[in-house]
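K.L.:
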Amino acid sequence: LFTAVEMAPRDPILGLTEQYVADTNPKKVNLGVGVYYDDNGKLPLLECVQKAEEKMMAAHAARGYLPIDGIAAYDAAVKSLVFGAESEPVKSGRVATVQALGGTGGLRVGADFLKKLNPQAKVLISDPSWENHRALFTQAGFTVETYPYYDAAKRGINFDGMLTALNTVPAGTVVVLHACCHNPTGYDLTAAQWDQVVVAVKGRKLVAFLDMAYQGFGQGITEDGVAVQKFLASGENFFVSTSFSKSLSLYGERVGALSVLCQDKEEAARVLSQLKIVIRTNYSNPPTHGGQIAATILNTPELRALWEQELAGMRSRIKAMRSALVEKLKSKGVKGDFGFITQQVGMFSYSGLSKDQMVRLRNEFGVYGIESGRICVAALNSKNIDYVAESIAAVVQ
Ligand code: PMP
Numbered sequence: 003l004f005t006a007v008e009m010a011p012r013d014p015i016l017g018l019t020e021q022y023v024a025d026t027n028p029k030k031v032n033l034g035v036g037v038y039y040d041d042n043g044k045l046p047l048l049e050c051v052q053k054a055e056e057k058m059m060a061a062h063a064a065r066g067y068l069p070i071d072g073i074a075a076y077d078a079a080v081k082s083l084v085f086g087a088e089s090e091p092v093k094s095g096r097v098a099t100v101q102a103l104g105g106t107g108g109l110r111v112g113a114d115f116l117k118k119l120n121p122q123a124k125v126l127i128s129d130p131s132w133e134n135h136r137a138l139f140t141q142a143g144f145t146v147e148t149y150p151y152y153d154a155a156k157r158g159i160n161f162d163g164m165l166t167a168l169n170t171v172p173a174g175t176v177v178v179l180h181a182c183c184h185n186p187t188g189y190d191l192t193a194a195q196w197d198q199v200v201v202a203v204k205g206r207k208l209v210a211f212l213d214m215a216y217q218g219f220g221q222g223i224t225e226d227g228v229a230v231q232k233f234l235a236s237g238e239n240f241f242v243s244t245s246f247s248k249s250l251s252l253y254g255e256r257v258g259a260l261s262v263l264c265q266d267k268e269e270a271a272r273v274l275s276q277l278k279i280v281i282r283t284n285y286s287n288p289p290t291h292g293g294q295i296a297a298t299i300l301n302t303p304e305l306r307a308l309w310e311q312e313l314a315g316m317r318s319r320i321k322a323m324r325s326a327l328v329e330k331l332k333s334k335g336v337k338g339d340f341g342f343i344t345q346q347v348g349m350f351s352y353s354g355l356s357k358d359q360m361v362r363l364r365n366e367f368g369v370y371g372i373e374s375g376r377i378c379v380a381a382l383n384s385k386n387i388d389y390v391a392e393s394i395a396a397v398v399q
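Quick note on numbering: the sequence shown equals residues 3 to 399 in the UniProt record's numbering.
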């Protein structure tokens with residue numbers, strides 16, 4: 003049965019982690035990861051999460067099946083977070099939201115629904131993008147192409163190229179957009195650029211799918227929702243996937259969601275019924291624990307306030323690491339201006355280092371990043387940053 007099964011290529015990032023683990027260099031630093039570490043290099047367990055779990059444990063609740071679309075209080079909290087608690091779509095009930103297995107699950111439920119809805123549509127992702135975007139939409143049966151995004155020479159976004167691409171694709175094309183904290187580049191569109199993207203999407207009758215995996219990691223919870231608000235104002239229907247993996251540091255709990263903005267409440271009910279079929283036939287219903295943690299935090303004022311404080315702490319630590327890296331590179335005499343690193347937002351930075359330089363960093367210094375030049379700024383800390391800066395200085399001279 004399996005003689006013709008070919009060995010699939012290894013996940014490049016996981017391969018890098020294996021190499022890092024095997025590395026005996028005591029100074030080694032893993033900047034290849036996609037997670038936030040605290041200043042001690044540890045994955046944080048947020049205090050708001052601990053308090054929510056204590057509350058949950060004290061309740062000794064049985065673990066029945068959840069509804070197919072998840073915990074109602076969780077879905078309601080996600081809607082408020084994404085669109086605004088007092089927003090018209092939330093009040094009028096025209097958002098269909100389902101609890102999903104992480105942001106990935108939200109994307110996949112949306113992709114499967116879209117494939118049924120419009121099987122001929124193409125999907126456009128940014129060039130470059132989170133590597134699973136292509137794989138996920140391809141597995142859902144779509145042809146996936148890219149729109150220009152990163153401009154290496156400019157150290158920024160090729161916005162004209164992006165707009166031209168959006169203005170030339172057929173109607174119905176699904177456009178996957180990073181709502182904030184673009185992975186892997188760290189470059190986000192400005193509010194004015196979002197306006198132009200919204201005009202193009204609306205004008206060309208494209209379908210926007212906003213991937214919101216880092217809400218609160220850029221400028222703040224509300225500020226990072228600018229793209230959602232712009233699309234909302236356009237009157238179009240669109241998709242938003244949510245992930246709490248990073249914002250609640252709950253990677254392994256698989257806490258995410260998919261929200262679909264519909265025309266009215268009746269349409270939202272029809273869409274929800276179809277999303278439920280996708281879920282029911284894949285994994286039946288989501289798990290209880292992570293969704294309950296998120297619902298407890300988001301719906302309990304003191305825990306919500308604590309979360310916002312802890313999220314702000316993660317956000318400002320990342321910003322501090324960006325500035326410190328730029329300063330340290332300068333003080334080590336590195337030529338060229340690395341100031342662009344402080345212009346980027348979120349966990350990642352396209353460092354501008356070449357593949358050869360990234361390989362040297364890894365082989366000679368034990369500093370691991372992705373060969374594209376992507377480094378995880380959220381894995382820098384006060385103990386490893388000097389060594390990272392020295393190592394970068396050595397490979398760029
Ligand atoms: N989208 C983007 C852009 C991401 O970077 C990630 C996680 N690295 C996800 C989606 C998936 O998030 P999750 O781990 O919650 O599935």
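Yeah, the Cβ is synthetic: ideal placement off N, Cα and C, and Gly gets one too. Computed from a predicted model, the values in this text were never measured in an experiment.
Does the Cβ-Cβ distance between Phe241 and Phe211 come in under 7 Å?
P.N.:
Cβ atoms of Phe241 and Phe211: closer than 7 Å.
K.L.:
Quick one: residues with CB closer than 5 Å to any heavy atom of ligand 1, in chain order, please.
P.N.:
So the residues near ligand 1 by this Cβ test are Gly36, Gly104, Gly105, Thr106, Trp132, Asn185, Asp213, Ala215, Ser245, Ser247, Gly258.
K.L.:
Within the continuous alpha helix (DSSP H) that includes Thr166, where are the two ends?
P.N.:
Note, Thr166: alpha helix (DSSP H), 161 to 168.
K.L.:
With Ala391 and Lys330 assumed to form a contact (beta carbons below 8 Å), what rounded beta-carbon distance in angstroms separates them?
P.N.:
Right, the Cβ-Cβ distance comes to about 4 Å (below 8 Å), so this counts as a contact.
K.L.:
Measuring alpha carbon to alpha carbon, tell me which of Glu238, Arg136, Pro186 ends up nearest Ile343.
P.N.:
The residue with the shortest Cα to Cα distance from Ile343 is Pro186.
K.L.:
Would you kindly report the start and end of the unbroken beta strand (DSSP E) that includes Cys378?
P.N.:
Note, Cys378: beta strand (DSSP E), 376 to 378.
K.L.:
Here's the rule: buried if 16 or more other CB atoms are within 10 angstroms of the residue's CB, otherwise exposed. What is Thr244?
P.N.:
Label assigned to Thr244: buried.
K.L.:
Which first and last residues belong to the beta strand (DSSP E) in which Lys124 is found?
P.N.:
Residues 124 to 129.
K.L.:
Provide the residue(s) that pair with Thr244 in DSSP beta bridges, ordered along the chain.
P.N.:
According to DSSP, Thr244 bridges with Met214, Ala259.
K.L.:
At the level of alpha carbons, what is the spacing between Arg272 and Ile15?
P.N.:
Cα-Cα distance, rounded: 39 Å.
K.L.:
Roughly how many whole angstroms lie between the Cα atoms of Tyr216 and Gly348?
P.N.:
Roughly 7 Å separates the two Cα atoms.
K.L.:
Throw me the rounded Cβ distance for the Met323 and Ile279 pair, which I believe falls under 8 Å.
P.N.:
In fact, because the Cβ distance is near 44 Å, the residues do not count as touching under 8 Å.
K.L.:
Whole angstroms are fine: how far does the CA of Ala297 sit from the CA of Ala79?
P.N.:
Approximately 7 Å between the Cα atoms of the pair.
K.L.:
Since Pro150 sits in a beta bridge, which residues does DSSP pair it with?
P.N.:
BP columns for Pro150 point to Asp129.
K.L.:
Where do the ends of the beta strand (DSSP E) carrying Leu179 lie?
P.N.:
It spans 176 to 180 - the beta strand (DSSP E) in which Leu179 sits, taken as one unbroken run.
K.L.:
Helix, strand or coil for Val97 per DSSP?
P.N.:
Strand at Val97.
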